[in-house]
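Data first, discussion second: the structure below is written as structure tokens.
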Ligand SMILES: Cc1cc2nc3c(=O)[nH]c(=O)nc-3n(C[C@H](O)[C@H](O)[C@H](O)COP(=O)(O)OP(=O)(O)OC[C@H]3O[C@@H](n4cnc5c(N)ncnc54)[C@H](O)[C@@H]3O)c2cc1C
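What follows is the structure in structure tokens.
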């Protein structure tokens with residue numbers, strides 16, 4: 001009998017955990033599964049800010065996907081998806097390659113939303129992928145090198161747009177990195193500026209007051225210039241224009257003003273709302289019985305008004321249901337509905353401080369930072385068991401390396 005073909009697009013949290021689920025649950029020769037991802041590595045997106053600041057080594061943030069697949073039930077294919085032909089059930093990759101499917105999982109993740117602010121798309125750096133954050137780090141290093149020659153203060157002015165979850169994590173990492181970089185390039189720390197620009201009136205909008213107060217005090221204590229209720233109007237390669245008329249001379253703006261679903265999904269003939277694909281309670285694309293969509297790409301309504309947020313926690317939980325639902329579809333059995341269980345949120349501010357809420361308990365400081373490590377360790381455990389946890393935690397940051405990577409790829 002012809003084996004059914006399952007194709008998973010995207011090797012992020014959603015796609016990888018779905019693959020691992022299928023490895024565990026599929027019988028031998030029950031289906032042919034292919035996981036397609038742009039790169040051979042999976043990046044731990046929740047730690048990308050560390051790559052941007054150079055505070056974690058590349059091999060801590062990236063994992064070789066074929067090594068994570070434990071059986072021959074799932075085949076990995078490196079490729080960039082360009083289109084999906086839903087009528088002929090084919091995925092079209094770059095260079096004209098086509099991959100047939102019977103069942104498809106869309107797990108293509110997020111993209112950064114720059115809201116059309118002039119110059120941001122072209123001149124700001126993005127926390128979008130391993131490559132885009134590596135480009136941040138290479139740029140920072142270059143600014144330190146150039147400063148030694150021209151002493152232009154705009155080179156050592158590092159601005160982060162957005163004081164939400166990702167913005168605060170990026171700021172925390174820059175605070176951590178700056179003294180080491182200054183010492184390496186023999187520059188006084190007082191020559192550097194770290195600026196956090198946020199349109200709303202507070203850091204971490206949506207977090208509780210304890211977390212907000214802790215974060216505000218922590219970053220200010222570490223010399224960060226916090227500009228809340230301030231909007232960026234324009235960004236050029238050498239300056240940032242604010243709505244209060246100020247023009248900040250700066251060559252680095254790291255944009256973390258918001259994310260949206262992968263733009264590719266809007267080009268496909270899919271029910272897209274607010275840049276994400278509408279899915280039913282079983283995580284199938286609305287109106288389709290053989291196409292699932294999970295993670296940041298999916299718009300799953302938690303109630304009549306609101307969709308679930310784009311988080312790794314949601315992507316992982318959805319993948320844990322998507323895998324079994326694929327198998328149920330294949331076997332003609334009934335599917336399980338997805339329901340989300342929020343376990344908490346922890347935002348790091350460098351290595352030794354964090355804020356958040358875990359199982360209803362508000363936490364701040366070093367304890368919260370340790371909890372963040374526990375959360376990261378748990379993910380590694382789900383992916384690769386205790387061996388992967390030990391292997392990744394044993395990795396030590398190597399001296400700053402210069403790797404040539406272009407911006408925002
Ligand atoms: C700095 C930072 C910190 C974060 N911290 C947290 C946190 O603490 N907790 C939390 O829950 N969430 C956090 N998040 C959010 C979390 O990372 C995302 O919600 C999560 O990555 C979504 O998983 P996903 O599988 O949907 O997509 P992704 O992890 O983005 O994976 C998508 C995959 O698809 C691939 N891809 C994209 N387009 C194509 C294409 N055309 N062809 C082939 N492959 C393609 C990408 O390369 C990627 O591998 C953080 C995000 C950032 C940036």
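Residue numbers (the working numbering): 1 to 409.
By construction, the Cβ of each residue, glycine as well, lies at the ideal position given by its N, Cα and C atoms.
Item, Value
"Sorry if obvious, but does the Cβ on residue 242 come closer than 8 Å to a heavy atom of ligand 1?", "no"
"Return yes when the Cβ of residue 113 is within less than 9 Å of the Cβ of residue 206, no when it is not.", "no"
"Are at least three pairs of beta-carbons, each pair with one atom in the stretch 224-239 and one in the stretch 108-127, less than 8 Å apart?", "yes"
"Tell me the start and end of each unbroken beta strand (DSSP E) in the stretch 282-369 that is at least 3 residues and wholly inside, in chain order.", "291-293, 344-348, 354-358 and 361-364"
"If we count Cβ pairs, one from each stretch, closer than 8 Å, do we get three or more for the stretch 321-337 versus the stretch 350-366?", "no"
"Under 8 Å: do the stretch 189-204 and the stretch 153-165 share three or more Cβ pairs, one atom per stretch?", "yes"
"Where do the N-terminal and C-terminal ends of the alpha helix (DSSP H) with residue 85 fall, by residue?", "Unbroken run through residue 85 is the beta strand (DSSP E), 81-85; no alpha helix (DSSP H)."
"Is there at least one non-hydrogen atom of ligand 1 closer than 8 Å to the beta-carbon of residue 296?", "yes"
"Measuring CB to CB, does residue 380 end up less than 9 Å from residue 370?", "no"
"Using only CA atoms, which one of 289, 138 and 195 lies nearest to residue 333?", "289"
"Taking its Cβ as the centre, do 16 or more other Cβ atoms sit within 10 Å of residue 189, making it buried, or is it exposed?", "exposed"
"Out of curiosity, what's the CA-to-CA distance linking residue 265 and residue 150?", "45 Å"
"Quick one: does the C-beta of residue 48 sit closer than 8 Å to a heavy atom of ligand 1?", "yes"
"Do we get a CB-CB distance below 9 Å when we pair residue 353 with the residues of chain C?", "Note that chain C does not occur in the displayed structure, where there is just one protein chain."
"Kindly examine ligand 1 and report whether one of its heavy atoms sits closer than 8 Å to the Cβ of residue 101.", "no"
"Using three-state DSSP, classify residue 224 as helix, strand or coil.", "coil"
"Considering only heavy atoms of ligand 1, does any lie closer than 8 Å to the CB of residue 19?", "no"
"Drop a sphere of 10 angstroms on the beta-carbon of residue 143, count the other beta-carbons inside from all chains shown, and report buried for 16 or more, exposed for fewer.", "buried"
"Report whether the distance from the Cβ of residue 453 to the nearest heavy atom of ligand 1 is below 8 Å.", "Nothing about residue 453 can be read from this structure; the chain reaches only from 1 to 409."
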